[in-house]
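Using our numbering, the letters of the sequence shown correspond one by one to residues 1083 to 1405. Notes follow the structure.
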Amino acid sequence: MSNELKVRFWGVRGSYPTPGARTVKYGGNTASVEVRAGERTIILDAGTGIIPLGRELAGRRVFEVVLLFSHLHHDHTQGFPFFVPAYLPNARLHIFGPGGTSETLGHVLEQNQSSETFPVSLREMASAKDIHSVPESQVIIWDEAGIRLAESTVSPSDEAVVIRIHKSYAHPGGVYVYRITWHGKSIVYATDTEGYIGTDRKLVQFAKNADVLIHDAQYLEEHYRGQLAGFPSTQGYGHSTVTMACEVASASEAGQLILFHHDPAYSDEMVAGLEASAKAQFGKAQAAYEGLEIVLPDEKRIAGVLQSPSAPPLSRGQRAQWK
Ligand SMILES: [Zn+2]
Ligand SMILES: [Zn+2]
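And the structure:
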């Protein structure tokens, strides 16, 4: 059994999918990120990137997943009707997202597949689906006993995957930022958020010392300010500039920063320019691309192995193996 925390990017584009020759390097699918904590699979958002992920999960025979929605804008939900595991009778989907009542998230997903807009309704998809609108005061825990909600004051065991929520208002309608922690390693997913002058302090506090910070960085500075020819100002749209993302990464002392939610109008060259600008401001920064994988080794286990003369060392293959 793997003891690594892994992140794999399946969709990194914001707003709408952008196939074509100008987006080959970073990819054109909308937001979807896979996190694997040992044998447990957690999916962040269901943009079109979740479609190829679903095919792979079905092939890998992964039939139980947690799916977290940051919010319910199209670019974060539009892949769900094509998510293969949702059609498998032996699959169980634990779906969490923002909403005031237990009906809200499920209702929006049902509406996305109304008979007017899609041929298969949510109910007709054969998988078992537990759909929870979850308040930010609760945490999602996945341990030996299963998957459940708990109050944020609980102290789960070290074996538990713990998912905490921060509700941000820096996006129209609000957005959930998630922090996934396992074996002392943390990944923070902060998409669809706009920075503030002097940084978003609540977000910085929530993201403190994360090993990986995935942060919205949709815009070049000139674009945001309306100084880029052909691109109107985007202040107030609910997305960040590269500098805003780097400021949060610096202030929260993140291990690495992954720029996310690329503007659909940006070519590969423009995203590469955005990435270069980020590296100049925060050394461990890179732009997300489809297929990017990050592996966070379990340091406790490695320390244990190093202390034990009888245990074999981890091979490169064990460290690098994704499947
Ligand atoms: Zn979005
Ligand atoms: Zn949005």
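For each residue, glycine too, the CB sits at the ideal point set by N, CA and C.
| said: Let me check understanding here. Comparing Cα to Cα, which of Ala1208, Glu1233, Arg1142 lies closest to Val1216? | reply: Within the sequence shown, residue 1216 is the residue found at index 134, counting from 1. Out of Ala1208, Glu1233, Arg1142, Glu1233 has the C-alpha closest to the C-alpha of Val1216.
| said: Please classify Val1259 as buried or exposed, where buried requires at least 16 other C-beta atoms within 10 Å of its C-beta. | reply: Residue 1259 sits at position 177 when you count from the first residue of the sequence shown. The residue is buried, with at least 16 neighbouring Cβ atoms inside 10 Å.
| request: Could you work out which residue in Pro1163, Arg1122, Ala1128 is closest to Arg1039 when comparing CA atoms only? | output: Residue coverage of the chain in this structure runs from 1083 to 1405, which leaves residue 1039 outside it and unanswerable.
| Roughly how many angstroms separate the alpha carbons of Arg1230 and Glu1303, rounded to a whole number? | Counting from 1 along the sequence shown, the entry for residue 1230 is found at position 148. Counting from 1 along the sequence shown, the entry for residue 1303 is found at position 221. Roughly 41 Å between the two C-alpha positions.
| Which residues DSSP lists as bridging Ser1250, in chain order | Here the question's residue 1250 lines up with position 168 in the sequence shown. Partner(s): Val1257.
| request: Would you mind reading off the limits of the alpha helix (DSSP H) that contains Thr1123? | output: Translated into the one-based positions of the sequence shown, residue 1123 becomes position 41. Here Thr1123 belongs to no alpha helix (DSSP H); instead the beta strand (DSSP E) covers 1122 to 1126.
| said: I need the boundaries of the alpha helix (DSSP H) containing Tyr1098, first residue and last residue. | reply: Residue numbering aside, residue 1098 sits at position 16 when the sequence shown is read from its first letter. Tyr1098 -> no alpha helix (DSSP H), and no H or E assigned at all.
| said: With distance defined between alpha-carbon atoms, name the residue in Ile1124, Ile1133, Ser1152 nearest to Pro1254. | reply: Locating residue 1254 in the sequence shown gives position 172, counting from the first residue. Closest option to Pro1254, Cα to Cα, is Ser1152.
| field | Minimum C-alpha distance to Leu1374 - residue among Pro1099, Val1117, Ala1210 | value | Indexing the sequence shown from 1 puts residue 1374 at position 292. Taking only the C-alpha atoms, the option nearest Leu1374 is Val1117.
| query | Which class does Thr1199 belong to by DSSP, given the choice of helix, strand or coil? | reply | Here the question's residue 1199 lines up with position 117 in the sequence shown. It is coil, neither helix nor strand.
| request: Taking Val1243 as the reference, give the member of Gly1181, Lys1267, Ala1354 with the closest Cα. | output: For the purposes of this step, residue 1243 is taken as residue 161 along the sequence shown, with counting starting at 1. Selected option, being the one with the closest Cα: Lys1267.
| field | Close Cβ partners of Glu1086 (< 7 Å) along its chain, the five nearest in sequence each way excluded | value | Indexing the sequence shown from 1 puts residue 1086 at position 4. Result list for Glu1086: Val1377, Leu1378, Pro1379, Asp1380, in chain order.
| message | Between which residues of its own chain and His1176 is the CB-CB distance below 6 Å, once the five residues before and five after are set aside? | response | In the sequence shown, counting from the first residue as 1, residue 1176 sits at position 94. Excluding positions up to five away in sequence, the list reads Val1148, Asp1212, Ile1229.
| message | Between which residues of its own chain and Arg1104 is the CB-CB distance below 7 Å, once the five residues before and five after are set aside? | response | Taking the sequence shown and counting its residues from 1, one reaches residue 1104 at position 22. Answer for Arg1104: Ser1349, Asp1350, listed in chain order.
| task | Could you tell me the boundaries of the beta strand (DSSP E) in which Leu1150 lies? | result | What you label residue 1150 is simply residue 68 of the sequence shown in a count that begins at 1. 1146 to 1150 is the extent of the beta strand (DSSP E) around Leu1150.
| Is it true that the CB of Thr1112 sits closer than 8 Å to the CB of Gly1129? | Here residue 1129 is taken as the residue at index 47 of the sequence shown, counted from 1. Here residue 1112 is taken as the residue at index 30 of the sequence shown, counted from 1. Contact flag set, yes.
| field | Under the three-state DSSP convention, the category Glu1304 falls into | value | On the sequence shown, position 222 is the one that residue 1304 refers to. Glu1304: helix per DSSP, three-state reduction.
| message | In this structure, how does DSSP classify His1189 when only helix, strand and coil are distinguished? | response | Translated into positions along the sequence shown, residue 1189 becomes position 107. In the structure shown, His1189 sits in a helix (DSSP, three-state: H, G or I).
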